[in-house]
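I have placed the structure first, in the form of structure tokens, so that the comments after it can refer back to it.
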Amino acid sequence: MSYIAIDIGATNIRVATGDHTGLIEKIMEPTETREGPMGVSRQIIRLIDSIKEEDPTNIGIGSIGPINLEKGTITNTPNYSFQNIPIREPLIEEYKVPVTMINDCAAAVVGEQYFGAGMGLRNLVYVTISTGLGGGAIVDDVLLLGKEGNAVEIGHFTIQPESEIICGCGCRGHWEAFCSGSNIPNYARHLLSDVDWSDGVLYMLTGGEKEKLQAKVIFEAARKGDRHAKMIVDELGYKNAIGFANIVNAYDPELITVGGSIALNNPDQILKPITENIEKHTINTIPETKITPLGHDAVIIGALALAVKI
């Protein structure tokens with residue numbers, strides 16, 4: 502049997518072949534946004550045709566959201582300049598096979614249970630800390646999807662409602678507004694607004710320009726002992742601990758795995774403050790929290806698991 506896995510991201514689209522043992526071959530391209538909504542599905546079909554050796558048996562998709570689960574479309578995403586992007590139906594029409602499409606983090610937690618650290622577990626959560634911040638949850642062996650496929654939007658948990666920090670969605674004090682890769686620079690500038698930081702590694706790496714306060718630079722400076730960078734990383738860690746405590750209170754998992762570029766590139770700086778502070782904010786038993794063994798392939802491996810399980 503031939504299975505196709507697809508990871509639709511904000512920046513890239515990845516397509517892979519695989520079987521019940523894992524991925525076999527994969528290909529990646531920047532997402533084509535010049536041809537409007539239909540251009541995305543046409544690009545996916547072209548990538549599938551370039552990598553498949555035989556007609557697929559099933560296709561699984563993990564996609565950025567929000568999505569419409571019933572229609573198989575991406576809706577109202579802030580990542581593209583157009584909306585209501587048909588994905589599932591063009592693939593069904595092209596290949597005449599079952600196509601399952603879910604949110605990318607929902608796909609990742611399925612992959613974690615099928616191929617990763619969650620094998621044999623009935624209650625687990627996957628968290629991505631990357632450009633955005635999201636999650637997927639399996640509770641009592643049931644994947645949580647929601648009425649439209651957008652359940653477990655943990656990045657939009659409110660963790661500081663009185664904060665001046667506004668999320669990209671327009672709401673105040675959401676977890677993602679502080680701790681996602683795209684928002685860490687803004688939060689760092691906020692934390693340094695009344696601080697003289699004109700010394701140390703962070704100042705040197707940025708030339709004192711707050712516009713250069715990117716997540717990579719902040720974590721690098723903190724590793725080198727810069728006190729202002731460490732202050733920022735500590736604040737991020739404390740807010741992450743609140744977010745993870747909310748996950749424990751909401752879903753009561755046996756395991757939480759963490760992926761996404763921010764976590765994968767800075768595992769100790771992300772995990773340590775969570776484990777040190779989470780118990781202050783949850784009443785449930787604290788589960789094991791670890792970096793996903795699936796690495797950057799968590800979503801596409803989850804998409805493969807969907808295809809295999811159809």
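All residue numbers for the sequence shown refer to the working numbering, where the first residue is 502 and numbers rise by one. All C-beta atoms in this analysis are idealised placements derived from N, C-alpha and C, irrespective of residue type, glycine included.
Using a Cβ-Cβ cut-off of 8 angstroms (strictly less than) and excluding sequence neighbours within five positions of residue i, which residues of its own chain qualify?
i, result
"Ala716", "Gly682, Ile685, Pro686 and Ile763"
"Gly528", "Per the sequence shown, the amino acid found at residue 528 is Ile instead of Gly. So the list reads Arg515, Val516, Ala517, Leu548, Ser551 and Ile552, once near-sequence residues are dropped."
"Asn785", "Val749, Asn750 and Asp753"
"Gln770", "Phe720, Ala723, Arg724, Val734 and Gly738"
"Leu524", "Ala506, Ala517, Thr518, Asp798, Ile801, Ile802 and Leu805"
"Gly796", "Gly760 and Leu765"
Excluding sequence positions up to five away, which residues of its chain have a Cβ less than 7 angstroms from the Cβ of residue i?
i, result
"Val800", "Asp508, Gly563, Asp605, Ala608 and Ala609"
"Thr776", "Thr790"
"Asn559", "Tyr504, Val598, Pro599, Ala808 and Ile811"
"Ala804", "Ala506, Ile507, Asp508, Gly561, Ile562, Gly563 and Ala608"
"Ile593", "Val600"
"Glu736", "Leu692"
"Ala652", "Leu645 and Leu646"
"Glu533", "Gly540, Val541 and Gln544"
"Ala742", "Pro774, Ile775, Asn778, Ile779 and His782"
"Thr576", "Pro567, Ile568, Asn569, Gln584 and Asn585"
"Asn580", "Ala511 and Ile565"
"Gly709", "Ser699"
"Leu714", "Pro686, Ala689, Arg690 and Thr707"
"Val640", "Asn624 and Tyr752"
"Thr787", "Residue identity check: residue 787 is Ile in the sequence provided, not Thr. So the list reads Val749, Ile779 and Glu780, once near-sequence residues are dropped."
Assign residue i to one of two classes, buried (16 or more other C-beta atoms within 10 Å of its C-beta) or exposed (fewer than that).
i, result
"Val696", "exposed"
"Met620", "exposed"
"Arg589", "buried"
"Met539", "exposed"
"Pro512", "Checking the sequence shown, residue 512 turns out to be Thr, not Pro. With fewer than 16 Cβ atoms within 10 Å of its Cβ, Thr512 is classed as exposed."
"Gly561", "buried"
"Cys680", "buried"
"His729", "buried"
"Gly761", "buried"
"Glu613", "buried"
"Ser542", "buried"
"Thr522", "exposed"
"Ser582", "exposed"
"Lys767", "Before going on, a small fix: residue 767 reads as Asn here, not Lys. Asn767 comes out buried."
"Asp700", "exposed"
"Glu780", "exposed"
"Gly726", "exposed"
"Glu554", "exposed"
"Gly671", "exposed"
"Asn635", "For the sequence presented, residue 635 should be read as Gly rather than Asn. With 16 or more other Cβ atoms within 10 Å, it is buried."
"Pro662", "exposed"
"Gly637", "buried"
"Ser631", "buried"
"Cys536", "Reading off the sequence shown, one finds Glu at residue 536, where the question assumed Cys. Exposed, since its Cβ has fewer than 16 Cβ neighbours within 10 Å."
Would you say residue i and residue j are within 8 angstroms of each other, going by their C-beta atoms?
i, j, result
"Lys740", "Trp698", "no"
"Leu772", "Leu622", "no"
"Ala808", "Thr783", "no"
"Ile666", "Gly744", "no"
"Val611", "Pro557", "no"
"Thr574", "Ile565", "no"
"Gly669", "Ile603", "no"
"Glu530", "Gln544", "yes"
"Gly656", "Gly633", "yes"
So what does residue i bridge to, in DSSP terms?
i, result
"Pro587", "Thr574"
"Arg515", "Asp508 and Met529"
"Ala638", "Val626"
"Asp520", "Gly523"
"Met602", "Ile562"
"Arg673", "Ile667"
"Ile568", "Ile575"
"Ile792", "Val759"
"Thr659", "His675"
"Val643", "Val640"
With a threshold of 6 angstroms on Cβ separation, who are the neighbours of residue i within its own chain once the five nearest residues in sequence on each side are excluded?
i, result
"Ala618", "Thr758 and Pro794"
"Pro591", "Ser542"
"Leu703", "Ala722, Asp727, His729 and Ala730"
"Lys711", "Arg690"
"Met502", "Thr558"
Open item on the list: Is it the case that the segment 646-656 contacts the segment 569-577, given that we only count it when at least three CB pairs across the two stretches are under 8 angstroms?
Closed with: yes
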